[in-house]
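Below is one structure, written out as C-alpha cells, with a few remarks after it.
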Amino acid sequence: MDLIRRYFVAFNAGDIDGMIACLDPQVAHHVNEGAVRTGTDAFREFCAHMSRCYRETLTDMVVFEAEGGTRAAAEYVVNGTYLATDDGLPEAAGQTYRLPAGSFFTVADGRITRVVTYYNLADWMRQVAG
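Count along the sequence shown from 1, add 16, and you get the number used in the numbering used here.
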C-alpha cells in the first residue's frame, strides 16, 4: 500500500511533516506501552520526543494490505541508537539496539486514521542495559 510505504519512507528520513501528511487530522496513535494519543499535534509532540531520545531506521519492511485498502500492517526491524535518557528507562549512553516490530493501520479517505505499534520492550531493555 503506497500510503503506508510513504509513511515509513518519511519515518526513515526523519521527516515528521511527511509522516503527518499521511495522517488524518484526528489520527488515533496507539504507542507501545503508552496511552493513546489523538490528533496530529499529539503525534508531532511524540515524534519530537522520540527524535530527541532515539535515532531509528526501519529495515526489512514487509507491508500487508487487507479489507480493500482500509486496513494494513507492516513488519520490520528497528535499528536504533539510544541518544538521551527517556523518563523511567535506563540511562542513555549511545547504546545500539535491533528489534523486530510491527505496526497496524486503519485507512479512510486516503489517510491513516489509526496507527498501532508493537515491539518487545523487555528485549529493548535487555539490549540497552548492556
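C-beta: ideal position from N, C-alpha, C; glycine also.
| Asked | Found |
| --- | --- |
| Quick check: what's the CA-CA separation for Ala150 versus Cys38? | What is shown of the chain runs 17 to 146, which leaves residue 150 out entirely. |
| Counting pairs of Cβ atoms below 8 Å between the segment 81-89 and the segment 37-57, do you hit three or more? | no |
| For the alpha helix (DSSP H) containing Ala117, name the first residue and the last one. | Careful: Ala117 lies outside any alpha helix (DSSP H), inside the beta strand (DSSP E) at Thr112 to Ala124. |
| Which residues does DSSP list as the beta-bridge partners of Thr73? | Asn95 |
| Starting from the Cα of Asp31, find the closest Cα among Met77, Gln42, His45 and Glu72 and give me that residue. | Glu72 |
| Over what stretch of residues does the alpha helix (DSSP H) that includes Ala44 continue unbroken? | That residue, Ala44, is in no alpha helix (DSSP H); its beta strand (DSSP E) goes Leu39 to His46. |
| Per the DSSP calculation, Tyr134 is bridged to which residue(s)? | Gly118 |
| Give the straight-line distance between the Cα atoms of Gly118 and Thr75, rounded to the nearest whole angstrom. | 12 Å |
| Would you mind working out which of His46, Val94, Asp139 and Ile128 sits nearest Arg22, comparing C-alpha positions? | Ile128 |
| Which of the three DSSP states is assigned to Ala51 in this structure? | coil |
| Is Leu115 closer than 8 Å to Val94 when the C-beta atoms are compared? | yes |
| Quick one: give me the first and last residue of the alpha helix (DSSP H) that Met35 is part of. | Ile32 to Ile36 |
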